[in-house]
Amino acid sequence: MKILMFRPSYYPEISGGTHLGMDLVEDIINAGHEVILVTPSPWRTDKETRLKYKNKKVETQYNGRLTIYRVYVSANEKSIFSRALRMLFLTLGMLIRAWKVKGIDLLMSHSMPVFIGPTSVLFARFKKVPVLYLENDVASESLISTGVVQKGLKKKVLYSFGKILEKISLKGSNFTITISDLFRKRNIESGLSKEKIGVIYNWIDTEKIFPISRDDNYLFDRLNLNRDMFYVTYCGNIGLPQNLEIFIDAAKDLQHIKEIQFVIIGNGVRKEAIRGYIEDSKTTNIKLFPLQPLEEAASVYSIGDVGIVIGKKGTSKNGFPSKTWTMMAAGQAIISCFDLDSELSKCISDGKCGIPVQPDSSDELKEAILEMYNNREFTEQCKVNSREYVTQNYSRKIATKKYLEVIERLK
9 MKILMFRPSY YPEISGGTHL GMDLVEDIIN AGHEVILVTP SPWRTDKETR LKYKNKKVET
69 QYNGRLTIYR VYVSANEKSI FSRALRMLFL TLGMLIRAWK VKGIDLLMSH SMPVFIGPTS
129 VLFARFKKVP VLYLENDVAS ESLISTGVVQ KGLKKKVLYS FGKILEKISL KGSNFTITIS
189 DLFRKRNIES GLSKEKIGVI YNWIDTEKIF PISRDDNYLF DRLNLNRDMF YVTYCGNIGL
249 PQNLEIFIDA AKDLQHIKEI QFVIIGNGVR KEAIRGYIED SKTTNIKLFP LQPLEEAASV
309 YSIGDVGIVI GKKGTSKNGF PSKTWTMMAA GQAIISCFDL DSELSKCISD GKCGIPVQPD
369 SSDELKEAIL EMYNNREFTE QCKVNSREYV TQNYSRKIAT KKYLEVIERL K
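Going left to right, the sequence shown walks through residues 9 to 419 as our numbering numbers them.
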């Protein structure tokens, strides 16, 4: 089959979904298919990479079995209006680029950018091909949980508009793959046929991500980290859904315990705001580093004795932090500051991988860190459990096989 795929980002841009896209593309190609990938040019990366790919419109990989078309739009996301405008221009650019592709057998669309789902439905009607829709994010819920819109007519209008876009994407597609059973149930309750939607959880390649001992982890030397400390780490996106202020507040409250050190590794639209918050709070036990190369993920996630997953209250309604599987694969004990009734919190409890606490509570986070610090035997067992749990339940081989089965059904 010749599969046209829309994605919100792709390597060399590093995001929570980068490895998922790369793994899926590779396994689809290894199954004998051809992939035409249309994606925005990387912009959450260094200046040299942005300039390189700004004018690099097309490239081929896997001996011509993968063709990547990149669409460049200037990155200005200072307001919700400018962000929506950028998404609209990206969508139009991606559709124009895709229109020139001939002989498509299947269109794999995505929930981001927000306009690509509904326009993909129309695009597929003209091309007379089936649509496989990947619901990884729920934009309407994200507007609320991240606090982008908080009250009044603006909230009602934007939320309703988001719901309309999502409804068109879901009902107009031949099949939807979502990443959470909560998402599946909500969509069925909203009128989507249960025959048209399935759940495939995000995954991690446990052969690429594994625990690396401190003696063998060169990042301790590169980042000038003392190997004898007890490290609490946050690695990933520094954006609106992540309330990193509670991480910093917990660190400040624990400054008197010199052995406990905090590390943030990541990039995002709120990075400078978080840097400023650290400086203003005069917290001395936190180090902030930029996102490291994707190929160093195993080393990055092996730094922490404890890894933190953070999401504002309500975040579980619009997404699932798949980096949790990366943290587990690297053998981290987990503290999740996430909705306690979420699937993520349930996974942490069921797998005995760590401690789930209420979102937005620096006090609960602090107490959980202290419990991990004071009870090292418990922490070490959580590390072992994390690796075992993710290997048994969220491996790449299991997940991409399910994708391929759906693709075969849509032939």
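Even for Gly, the Cβ is constructed at its ideal location relative to N, Cα and C. Since the structure is predicted, the reported quantities are computational estimates derived from the model, not experimental observations.
Return the CA-CA distance between residue i and residue j, expressed in angstroms with no decimal places.
{"i": "Q69", "j": "T75", "result": "7 Å"}
{"i": "I268", "j": "E304", "result": "24 Å"}
{"i": "N232", "j": "T292", "result": "15 Å"}
{"i": "K423", "j": "A407", "result": "Nothing in the structure corresponds to residue 423, since the chain is present only between 9 and 419."}
{"i": "S344", "j": "G101", "result": "38 Å"}
{"i": "R384", "j": "I208", "result": "34 Å"}
{"i": "E149", "j": "P249", "result": "11 Å"}
{"i": "I220", "j": "P367", "result": "30 Å"}
{"i": "E287", "j": "P364", "result": "28 Å"}
{"i": "D213", "j": "K260", "result": "35 Å"}
{"i": "Y61", "j": "R105", "result": "16 Å"}
{"i": "K55", "j": "P329", "result": "27 Å"}
{"i": "I176", "j": "A92", "result": "18 Å"}
{"i": "A341", "j": "I22", "result": "24 Å"}
{"i": "K405", "j": "D31", "result": "10 Å"}
{"i": "L412", "j": "G40", "result": "11 Å"}
{"i": "V66", "j": "G247", "result": "29 Å"}
{"i": "E372", "j": "F183", "result": "41 Å"}
{"i": "S87", "j": "F123", "result": "17 Å"}
{"i": "P126", "j": "K135", "result": "15 Å"}
{"i": "K290", "j": "A83", "result": "32 Å"}
{"i": "K419", "j": "L200", "result": "21 Å"}
{"i": "E174", "j": "V129", "result": "11 Å"}
Quickly, what does DSSP pair residue i with across the bridge? List them, please.
{"i": "I342", "result": "G315 and G362"}
{"i": "F238", "result": "I268"}
{"i": "R78", "result": "T47"}
{"i": "L12", "result": "I44 and L115"}
{"i": "F297", "result": "I273"}
{"i": "V324", "result": "With the sequence shown as reference, residue 324 is identified as Ser, and Val is not the correct amino acid for it. In DSSP, S324 forms no bridge with anything."}
{"i": "S403", "result": "I212"}
Can you check which of these residues, the options, is closest to residue i by C-alpha distance?
{"i": "K331", "options": "A259, V66 and L28", "result": "L28"}
{"i": "N195", "options": "P219, D229, D224 and E143", "result": "E143"}
{"i": "L103", "options": "D113, S177, V79 and G111", "result": "V79"}
{"i": "R222", "options": "T57, N234 and W211", "result": "N234"}
{"i": "S307", "options": "E287, M335, P329 and A281", "result": "M335"}
{"i": "G362", "options": "D347, K374 and M380", "result": "M380"}
{"i": "K10", "options": "S23, I36, M30 and I124", "result": "I36"}
{"i": "K410", "options": "R58, P329, D113 and W211", "result": "W211"}
{"i": "S17", "options": "G40, L32 and S49", "result": "S49"}
{"i": "L299", "options": "R52, A337, L59 and F183", "result": "R52"}
{"i": "H264", "options": "K374, A337, L227 and N225", "result": "K374"}
{"i": "M237", "options": "I294, A92, F183 and T127", "result": "I294"}
{"i": "N401", "options": "W333, A39 and I44", "result": "W333"}
{"i": "Y19", "options": "Q340, P301 and L418", "result": "P301"}
{"i": "I112", "options": "S310, E413 and M13", "result": "M13"}
{"i": "F440", "options": "L378, S310, K171 and S289", "result": "No answer is possible for residue 440: the residues shown for the chain start at 9 and end at 419."}
{"i": "S188", "options": "I44, T323, F89 and H41", "result": "T323"}
{"i": "M326", "options": "E56, A147 and W107", "result": "Note that residue 326 is Asn in the sequence shown, not Met. Among E56, A147 and W107, the Cα nearest to that of N326 is on A147."}
{"i": "D145", "options": "S117, S403, V129 and K164", "result": "S117"}
{"i": "D257", "options": "T127, G199 and I377", "result": "I377"}
{"i": "I205", "options": "L98, T399, Y141 and L348", "result": "Y141"}
{"i": "I185", "options": "V129, S369 and S119", "result": "S119"}
{"i": "N1", "options": "A338, L418, I415 and L96", "result": "This structure cannot speak to residue 1, because the chain is shown only from 9 to 419."}
{"i": "V398", "options": "K360, N382, K135 and R417", "result": "K360"}
{"i": "K110", "options": "V137, V271 and F183", "result": "V137"}
{"i": "S403", "options": "N275, L166, L59 and E215", "result": "E215"}
{"i": "F228", "options": "F297, V277 and V165", "result": "F297"}
{"i": "I44", "options": "R15, T26, I273 and D313", "result": "R15"}
Three or more beta-carbon pairs under 8 Å between the stretch 311-328 and the stretch 230-246, yes or no? Counting Cβ pairs under 8 Å, three or more are found: they touch.
So within the stretch 132-220, which uninterrupted beta strand (DSSP E) runs reach at least 3 residues, ignoring any that extend past its ends? Correct list: 139-143, 183-186 and 205-207.
Decide yes or no for the touch test of the stretch 342-357 against the stretch 377-395: beta carbon pairs closer than 8 Å, at least 3 of them. With a cut-off of 8 Å on Cβ pairs, the stretch 342-357 is in contact with the stretch 377-395, counting three or more such pairs.
Return the chain-ordered ranges of every alpha helix (DSSP H) run that is complete within the stretch 243-267 and spans a minimum of 4 residues. Counting only runs of 4 or more, we get 253-261.
Sequence ranges, beta strand (DSSP E) only - wholly within the stretch 55-133, length at least 3: The beta strand (DSSP E) runs lying completely inside the stretch 55-133 and spanning 3 residues or more are 66-69, 74-79 and 114-118, given in chain order.
Sufficient close CB pairs (3 or more, under 8 Å) joining the stretch 263-283 to the stretch 174-194: The stretch 263-283, when compared against the stretch 174-194, does not touch it at the 8 Å Cβ threshold.
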